[in-house]
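Below is one structure, written out as structure tokens, with a few remarks after it.
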Amino acid sequence: MKKLNHHIKSYLLLALLATSAFIQSGCKKDSSSSSKGNPVITAIRNYVAHPGDSLLSSAGTGQWIVISGKNLKGALAINFDGVKGSFNDAWFSDTSAIALIPAIIAFPSVPSDKLNTIQYITNHGQTTFTFPIVPPVPAISGISNEAANPGDSVKIIGLNFFFLKSVTYGGISITGYTSSTDGTSISLKVPSGLTKGPVTVSTKSGTTTTTYNVYDFVTGVLNNYDSINNFAWGSGTSNNSTDYPGNIGYYGVMKASNVSAGDWSWWNDGRSININSAQWVPQANLKDTLSHYAVKFEIYVTKPWTDGSIQILNANGNYAALYHPWKTATGSAVAFTTKGWQTVTIPFSSLISKGLPAPSLTDLLGATGAGGIQFQFINDGTKTVQTFEVAIDNIRVSKIK
19 MKKLNHHIKS
29 YLLLALLATS
39 AFIQSGCKKD
49 SSSSSKGNPV
59 ITAIRNYVAH
69 PGDSLLSSAG
79 TGQWIVISGK
89 NLKGALAINF
99 DGVKGSFNDA
109 WFSDTSAIAL
119 IPAIIAFPSV
129 PSDKLNTIQY
139 ITNHGQTTFT
149 FPIVPPVPAI
159 SGISNEAANP
169 GDSVKIIGLN
179 FFFLKSVTYG
189 GISITGYTSS
199 TDGTSISLKV
209 PSGLTKGPVT
219 VSTKSGTTTT
229 TYNVYDFVTG
239 VLNNYDSINN
249 FAWGSGTSNN
259 STDYPGNIGY
269 YGVMKASNVS
279 AGDWSWWNDG
289 RSININSAQW
299 VPQANLKDTL
309 SHYAVKFEIY
319 VTKPWTDGSI
329 QILNANGNYA
339 ALYHPWKTAT
349 GSAVAFTTKG
359 WQTVTIPFSS
369 LISKGLPAPS
379 LTDLLGATGA
389 GGIQFQFIND
399 GTKTVQTFEV
409 AIDNIRVSKI
419 K
């Protein structure tokens with residue numbers, strides 16, 4: 019009897035082992051088919067779903083999307099019209115992947131076989147999905163020189179300048195413009211007969227117009243050394259067209275030499291521009307959002323600038339921004355000069371106190387929206403500045419949104 023029970027127990031054990039092996043084999047087979055099969059794309063959706071329209075029929079550059087399908091883990095590259103997109107495979111599941119369409123796609127130069135395609139490459143295969151990728155409405159981020167004279171060359175800077183239909187500068191239609199292949203700039207000559215006016219770019223995708231005027235020496239101007247002269251003291255002034263060609267009347271010249279590291283004595287040697295009180299923002303607009311405004315000015319730099327900063331302060335000196343165009347994103351120095359006058363834009367959000375921008379326009383400017391402004395050259399670096407010289411003109415506040 020004991021011998022029979024032993025045989026029964028042995029058979030049961032063998033049966034359990036066989037069943038376990040069969041189950042494990044099945045699991046491995048399922049896992050293998052999921053991870054090694056080619057990726058499949060079935061749909062493209064909004065990254066942030068909106069009720070009733072999360073499924074996309076097209077998408078634009080710089081847009082986050084969700085790719086739906088299967089076997090999507092293990093992504094090595096996701097190419098949109100042949101241009102590599104950004105993604106993090108750690109966010110993916112086998113049925114869903116999040117990716118950022120590149121902000122810049124040179125649509126006119128995309129090969130026809132790559133146009134309107136998403137190429138999905140993984141460590142276990144790849145697929146190509148047909149999907150319309152279109153340039154969004156153009157966006158203007160700036161003008162190289164808003165005070166440029168008729169006949170001068172300027173650039174409109176921005177994104178999505180593809181399939182251009184028309185360009186106007188100061189309200190005047192331009193015909194002789196050229197656009198960059200990546201759609202980030204339009205080059206033109208300032209037309210004759212120019213008076214102040216906005217800049218407009220129209221493409222097949224839509225139209226955009228600046229909220230400010232070019233060649234405008236009145237609107238929002240705090241100081242231009244000519245018709246609006248609120249200059250109090252500090253730097254020298256000049257109207258010499260030999261030293262700084264292309265000028266319109268007078269301008270300020272900030273100079274300094276042999277400024278030791280850590281020297282913040284901005285009041286010495288003509289190292290500052292101090293402007294009397296003027297209206298930054300109309301009192302009626304003080305409830306606007308801070309990000310809608312910026313300090314602007316034109317600058318001309320002929321002597322290489324490699325250290326030190328121009329500190330820009332509001333009237334009370336409690337909010338400040340540092341302007342140091344020689345400093346790269348990594349903190350290294352590249353000698354900075356300009357080819358003629360160049361417009362500088364300092365968003366109000368860059369004027370900070372203890373690392374933070376002002377909560378509101380009234381916090382930055384006070385209840386009246388008026389005040390002075392200061393430009394101070396300081397050496398906040400670690401090397402002695404042998405020579406510093408820049409010309410500055412047309413200090414103003416501009417509505418940028």
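Position in the sequence shown (first residue = 1) + 18 = our numbering.
Where a beta carbon is used, it is the ideal one built from N, C-alpha and C, also for glycine.
These numbers were taken from a predicted model, which means no experiment stands behind them.
{"Asked": "Thr400 to Thr363, Cα distance in whole Å?", "Found": "26 angstroms"}
{"Asked": "If I measure Cβ to Cβ from Asn292 and keep anything under 6 angstroms in the same chain, skipping five residues before and after, which residues do I get?", "Found": "Ala250, Trp251, Gly252 and Gln392"}
{"Asked": "Measuring CA to CA, which of Ser295, Val155 and Val277 is closest to Arg414?", "Found": "Ser295"}
{"Asked": "At which residues does the alpha helix (DSSP H) containing Leu212 begin and terminate?", "Found": "It is not in any alpha helix (DSSP H) - Leu212 carries neither H nor E in the DSSP assignment."}
{"Asked": "Would you identify the three-state DSSP class for Leu22, choosing helix, strand or coil?", "Found": "Confidence is the limiting factor: at Leu22 the pLDDT is only 40, short of 50, which leaves the residue's position unreliable and the question unanswerable from this model."}
{"Asked": "So, at 7 angstroms on beta carbons, what are the nonlocal neighbours of Lys419 in its own chain, with the 5 sequence-adjacent residues on each side left out?", "Found": "Thr229, Ser309 and His310"}
{"Asked": "Between the segment 268–286 and the segment 371–386, are three or more C-beta pairs nearer than 8 angstroms?", "Found": "no"}
{"Asked": "Give every residue of the same chain whose Cβ lies closer than 6 angstroms to the Cβ of Phe147, excluding the five residues on either side of it in the sequence, and list them in chain order.", "Found": "Ile59 and Ile136"}
{"Asked": "The alpha helix (DSSP H) that contains Leu331, what's its start and end?", "Found": "No alpha helix (DSSP H) contains Leu331, which is instead part of the beta strand (DSSP E) from Ser327 to Leu331."}
{"Asked": "Suppose contacts are defined by Cβ-Cβ distances below 8 angstroms. Is Pro340 in contact with Gln394 by that definition?", "Found": "The question names Pro, yet the displayed sequence has Leu at residue 340. No, Cβ-Cβ distance for Leu340 and Gln394 is not below 8 angstroms."}
{"Asked": "Please list the terminal residues of the continuous alpha helix (DSSP H) segment that includes Asp381.", "Found": "Leu379 to Leu383"}
{"Asked": "Using DSSP with H/G/I as helix, E/B as strand and the rest coil, what is Trp323?", "Found": "strand"}
{"Asked": "Should Gly389 be labelled buried (16 or more other beta-carbon atoms within 10 Å of its own) or exposed?", "Found": "buried"}
{"Asked": "Over what stretch of residues does the beta strand (DSSP E) that includes Pro365 continue unbroken?", "Found": "Gln360 to Pro365"}
{"Asked": "So what does DSSP say about Phe9, is it helix, strand or coil?", "Found": "Any property of residue 9 remains undetermined from this structure, which presents the chain solely from 19 to 419."}
{"Asked": "Would you please state the rounded distance, in angstroms, between the beta carbons of Ala115 and Leu74? I believe it to be under 8 angstroms.", "Found": "Not quite, the Cβ-Cβ distance comes to about 14 angstroms (not below 8 angstroms), so this is no contact."}
{"Asked": "Per DSSP, which one or two residues make a beta bridge with Tyr311?", "Found": "Lys417"}
{"Asked": "DSSP beta-bridge partners for Thr405?", "Found": "Ser275"}
{"Asked": "Give me the Cβ distance between Trp359 and Asn163, rounded to the nearest whole Å; I'm assuming they're in contact under 8 angstroms.", "Found": "5 angstroms"}
{"Asked": "Can you tell me the Cα-Cα spacing of Gln329 and Phe98, whole angstroms?", "Found": "42 angstroms"}
{"Asked": "Using only alpha-carbon positions, find the residue among Tyr269, Ile246 and Asn247 that is nearest to Asn257.", "Found": "Tyr269"}
{"Asked": "Would you mind working out which of Asn134, Thr140, Phe179 and Ser130 sits nearest Pro154, comparing C-alpha positions?", "Found": "Phe179"}
{"Asked": "Which word fits Leu423, buried or exposed, when buried means at least 16 other C-beta atoms lie within 10 angstroms of its C-beta?", "Found": "Residue 423 lies beyond the residue range present for the chain, which begins at 19 and ends at 419; the question has no answer from this structure."}
{"Asked": "Taking 8 angstroms as the CB-CB limit, is Ile396 close to chain C?", "Found": "Among the chains in the structure shown there is no chain C, since it carries only a single protein chain."}
{"Asked": "Identify which residue in Ile266, Thr186, Ser104 and Val403 has its Cα closest to the Cα of Asn411.", "Found": "A small correction: the amino acid at residue 411 is Asp; Asn does not occupy that position in the sequence shown. Among Ile266, Thr186, Ser104 and Val403, the Cα nearest to that of Asp411 is on Ile266."}
{"Asked": "How long is the line joining the alpha carbons of Thr196 and Asp281, rounded to whole angstroms?", "Found": "45 angstroms"}
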